[in-house]
Structures are given as structure tokens and as C-alpha cells.
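Residue numbers for the sequence shown follow full-length UniProt numbering, beginning at 1 and rising by one. Take a look at the structure below.
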Amino acid sequence: MTATRVLVLNSGSSSVKYQLLDMRDSSRLAVGLVERIGEETSRLVHTPLAGGGDERRERSGPIADHDAALKAVADELAHDGLGLDSPELAAIGHRVVHGGLRFSAPTVITDEVLAEVERLVPVAPLHNPANITGIRTAQALRPDLPQVAVFDTAFHTTMPEAAARYAIDVETADAHRIRRYGFHGTSHSYVSRATARLLGKDPSEVNVIVLHLGNGASASAVAGGRCVETSMGLTPLEGLVMGTRSGDIDPAVTFHLKRVAGMSTDEIDALLNKKSGLVGLCGDNDMREIRRRVEEGDERARLAFDIYVHRLKKYIGAYYAVLGRVDALAFTAGVGENAAPVREAAIAGLEGLGLAVDAGLNAARSGEARLISPAGARVAVAVVPTDEELEIARQTFELVK
Ligand code: ADP
Numbered sequence: 001m002t003a004t005r006v007l008v009l010n011s012g013s014s015s016v017k018y019q020l021l022d023m024r025d026s027s028r029l030a031v032g033l034v035e036r037i038g039e040e041t042s043r044l045v046h047t048p049l050a051g052g053g054d055e056r057r058e059r060s061g062p063i064a065d066h067d068a069a070l071k072a073v074a075d076e077l078a079h080d081g082l083g084l085d086s087p088e089l090a091a092i093g094h095r096v097v098h099g100g101l102r103f104s105a106p107t108v109i110t111d112e113v114l115a116e117v118e119r120l121v122p123v124a125p126l127h128n129p130a131n132i133t134g135i136r137t138a139q140a141l142r143p144d145l146p147q148v149a150v151f152d153t154a155f156h157t158t159m160p161e162a163a164a165r166y167a168i169d170v171e172t173a174d175a176h177r178i179r180r181y182g183f184h185g186t187s188h189s190y191v192s193r194a195t196a197r198l199l200g201k202d203p204s205e206v207n208v209i210v211l212h213l214g215n216g217a218s219a220s221a222v223a224g225g226r227c228v229e230t231s232m233g234l235t236p237l238e239g240l241v242m243g244t245r246s247g248d249i250d251p252a253v254t255f256h257l258k259r260v261a262g263m264s265t266d267e268i269d270a271l272l273n274k275k276s277g278l279v280g281l282c283g284d285n286d287m288r289e290i291r292r293r294v295e296e297g298d299e300r301a302r303l304a305f306d307i308y309v310h311r312l313k314k315y316i317g318a319y320y321a322v323l324g325r326v327d328a329l330a331f332t333a334g335v336g337e338n339a340a341p342v343r344e345a346a347i348a349g350l351e352g353l354g355l356a357v358d359a360g361l362n363a364a365r366s367g368e369a370r371l372i373s374p375a376g377a378r379v380a381v382a383v384v385p386t387d388e389e390l391e392i393a394r395q396t397f398e399l400v401k
């Protein structure tokens, strides 16, 4: 029997999301999530999807750490006959947020690779430590199994220096590895290729602008399959307006908050990462709720929506200029896939660039990749559901099979 299953793990600071896939047909065998790890109110939600499994199961009660979380996941999988000891499991694929400049492709994890991911903690203090914990825990559970790191930054390592460097003192930048790395790379890679497929083209033939609009949000410009520009930078704070992050601001705002408002570095960090963006502007970060308030005539929600869309439009224009020729623009992730009013407003007035949205197509709901531009439009506008877990599984399996 050949091993064709891949377990995908996305370990956050207090959560683990997982999916078990069978790469013969890319089908999902089980999906789940452990949240609030380390608290009294931890919760595991597990859904078996194949092989005569039961319905969705939920477990509440304290799960002390990632080790306990992964053991609980292993128990749930074993209950469905999908245990981690199965000879059908080919590898575990880990989402790793920051791979720096070194990792431009998925990588089999060795001690040396793990040490390098550890060296990157200062540039990804919120994410890499949790990813490392997830990897160590999985290694302890199945020491014999290949573990693969798939990096959020990898797709962006093709950015030219002109796009990747900040215009600051070069020695200081290099000494502290300060440059634009970009994130959400697995999604930008998957969606740009899926968009090419939707057009019946090879990725090498098309230039695509991808707008990944989830709770975190980022844009990328992809020329012939290679990323040439993206909106997130040293950290995922730069760029678009997000659920709780400010995106672009004048860096002098931080000195001002320090000198004039007397805020500490940590307070400013929390303000810009957690209390800004849509939530800072109107108190809500869920686009559904914001749209509901806009429909009711709520002024703050309207302003938040307008600022969000204005920033998007600026990036569309900028990336159009970076690419020179644009074949398609793709919306993806929670907001991009579901919020027709955001898509409509972001594209409104861009007919001069060959960009337009057909109202009927835009309003139609579907879980499939689809075009929403009018027939014969110069630039295709598409909605392309992202699937980061499938992409991580695919890249992992390619490497180990
Ligand atoms: P992340 O993975 O970054 O947490 P997602 O890509 O799942 O985020 O996106 C989550 C966001 O998508 C929610 O915060 C919400 O704003 C938005 N969203 C989800 N469903 C809808 C919908 N039907 N209409 C509008 N926005 C939606």
C-alpha cells in the first residue's frame, strides 16, 4: 500500500487547525480545530468527512498545551480509523509563517531548518514560535514521518529588490533583516494559478492582481506566475486596511504616539495590530455586520467601508502600473469571496483601465471559481475561492512522494 494521505497543521499561538487529505483525489478525510489552548475553556471541533465517520464532534474542557492538543486530534482521527500511526500517512505539512529569504520553496524539516525558522522569530514574534511548537509536537508523535514546512513568505521571494527593499539606510536594514517579505503567499500562489486555469491559460502566460481579503488582507501582483509585488512587508501590518490592523500609515504616527500620547511600544503595537483597521474605525471587523449597519444608514460603518475600499482601489491602480498589462484581477478569502458590495465598490470607476463588474454575476452566490466581469471585458475580474490547506497538502506531497 502506498502512502497517499497528508495531515496539514496550522498552529497558532492558542489554536491548531488541521485537515487530513487523501492526495489521490485531493479529498478531505477529516477537518478540525482546537482553540483556546492553555485556557480552561479549550474546545476541539472535529468533522470526519469520509470512511463511515460520525457527524461533527465537539469536546470542551482544558487542553493544556500544543502537545495535549495534537494528542487529542490524534485520538479523534484514530476514532475514525484515520490514526496518525496509519501506514497510509505520507507526511505532515506545516504552515510556517516566516521563512525569511532562505526558504523560497516547501522544505523537509530537519534540525537545521528548524534552527533557521527559530532565527526568524525576531521578525515574526507572534507566529513562528507557535509554528515551531506545532512542528516539535508532531515530530515527537511520529518521529519517522517526513514533516514539511510550507512558508507564507515563499511565493514572494521572487519580488525584485526594487519592490522588496525599504528606502532606509542599507546597513541598518541588512543588519536587522529589515525588508518586505510579504505573507499569505500560499493563497496568492494558489489563487493566481487557479485564475489562469479559469481563463484557460498557463500561469506563465498571464498577469494577475490577487486581492486576498480575509480578516488579514493583502494584495499581490503576479507576472507570468511570479510574484513581483505584494502589500504586506516586514510584518503582516503593512498594506490594506484589515479587520483589526491599520495597514499603511505614516511611520511617524508611532513616534507621535510615543512622544505626545506617552504610549509604550507594546501599546502602539497592540493599537495598530489589534485595535485599528475596521474594528478601530467602527467597532466591528466582520464585513457582514458592517454592511448591515451601512444599509441602516450608520455613518461610522459607512466611513469604515469607504476607507477600506479606497485603500483597495489605490492598490489596484498601483499594481496595474507595476504590471503594465493586466489579464485578470481575482478576489479571494472571506470578504473577497462573499462580499459583493466590496467587489463592486473597489472596481467602480475603473472602466478606463478595462475593469468592470457585471452586477448580476457579482451578486450571484457560488462556491466555485467564476468570472464576474461582463462578457468581452479587457480585464477578467474573478472570484476564486482560496484553499491554503489543499495547497499546503499538494506541495507537501509533491516533495515526499
Ligand atoms: P482569516 O482566515 O483571515 O481569519 P477569512 O478569510 O475566513 O479570514 O475571512 C473572514 C472574514 O470574512 C470575516 O471577518 C468577515 O469579515 C468576512 N466574511 C465572511 N463571510 C462573509 C459574508 N458572507 N459576507 C461578507 N463578509 C464575509
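Positions of the beta carbon are idealized from the N, C-alpha and C atoms, including for glycine.
Worksheet item: What beta strand (DSSP E) runs, 3 residues minimum, are completely inside the stretch 104-161?
Response: 147-151
Discussion item. The ligand ADP and residue 411: does the residue's C-beta get closer than 7 angstroms to at least one heavy atom of that ligand?
Written reply: What is shown of the chain runs 1 to 401, which leaves residue 411 out entirely.
Worksheet item: Can you list, in chain order, the residues of its chain whose CB lies under 7 angstroms from that of P341, leaving out five sequence neighbours each side?
Response: R291
Worksheet item: Is residue 411 near the ligand ADP, with its Cβ less than 7 angstroms from a heavy atom?
Response: The structure shown does not extend to residue 411, since the chain is modelled only from 1 to 401, so the question has no answer here.
Item to complete: Could you tell me whether the Cβ atoms of L198 and V326 are closer together than 8 angstroms?
Response: no
Worksheet entry | Distance between G243 and G283 (C-alpha atoms, nearest Å) | 10 angstroms
Discussion item. Does the beta-carbon of M232, which I'm using as the reference point, lie nearer than 7 angstroms to any heavy atom of the ligand ADP?
Written reply: no
Item to complete: Less than 8 angstroms between the CB atoms is what I'm expecting for H212 and T332, so what's the real figure, rounded?
Response: 5 angstroms
Discussion item. Counting C-beta neighbours from all protein chains within 10 Å, is the total for G61 16 or more, i.e. buried, or is it exposed?
Written reply: exposed
Item to complete: Evaluate the contact criterion for the stretch 163-170 versus the stretch 102-121: three or more CB pairs, one atom per stretch, below 8 angstroms.
Response: no
Practice prompt. Give me the Cβ distance between Y308 and L329, rounded to the nearest whole Å; I'm assuming they're in contact under 8 angstroms.
Written response: Their Cβ separation, rounded to whole angstroms, is 17 angstroms, which puts Y308 and L329 out of contact at 8 angstroms.
Worksheet item: Expressed to the nearest angstrom, what Euclidean distance is found between the alpha-carbon atoms of G219 and L312?
Response: This sequence places Ala at residue 219; Gly is not what is there. If I take the Cα positions, the gap works out to 8 angstroms.
Worksheet item: Alpha carbon to alpha carbon, how far is F183 from D25?
Response: 28 angstroms
Worksheet item: Does any heavy atom of the ligand ADP sit closer than 7 angstroms to the C-beta of V335?
Response: yes
Worksheet entry | Cβ contact check for the stretch 357-365 and the stretch 312-323: 3 or more pairs under 8 angstroms | no
Item to complete: Give me whichever residues DSSP pairs with A91 in a beta bridge.
Response: V6
Worksheet item: So G32 is in the beta strand (DSSP E); what residue range does that whole segment cover?
Response: S27 to E35
Practice prompt. Inspect the CB distances between the stretch 119-134 and the stretch 88-101 and report whether three or more fall short of 8 angstroms.
Written response: yes
Discussion item. Between R300 and the ligand ADP, is there a pair consisting of the residue's CB and a ligand heavy atom that are separated by less than 7 angstroms?
Written reply: no
Practice prompt. Could you name each continuous alpha helix (DSSP H) segment of 4 residues or more that falls completely within the stretch 293-330, going from the start of the chain to the end?
Written response: 299-323
Discussion item. I need the boundaries of the beta strand (DSSP E) containing Y18, first residue and last residue.
Written reply: V16 to D22
Practice prompt. Could you tell me if the beta carbon of N285 falls within a distance shorter than 7 angstroms of some heavy atom in the ligand ADP?
Written response: yes
Worksheet entry | the stretch 1-13 contacting the stretch 131-139, beta-carbon criterion three pairs below 8 angstroms | yes
Worksheet item: Which of the three DSSP states, helix, strand or coil, is assigned to A223?
Response: strand
Worksheet entry | Residue environment, F305, which counts as buried when at least 16 other CB atoms sit within 10 Å | buried
Practice prompt. For A164, collect the residues of the same chain with a Cβ closer than 7 angstroms to its Cβ; drop the 5 residues on either side in sequence, then sort them by chain order.
Written response: R179 and R180
Worksheet item: Do you know whose CA, among S42, L350 and I209, lies nearest C227's CA?
Response: I209
Discussion item. Excluding the 5 residues flanking A346 on each side, which residues of the same chain have their C-beta closer than 7 angstroms to its C-beta?
Written reply: V309, L312, K313 and I316
Practice prompt. Could you check what DSSP says for R291 in three-state terms: helix, strand or coil?
Written response: helix
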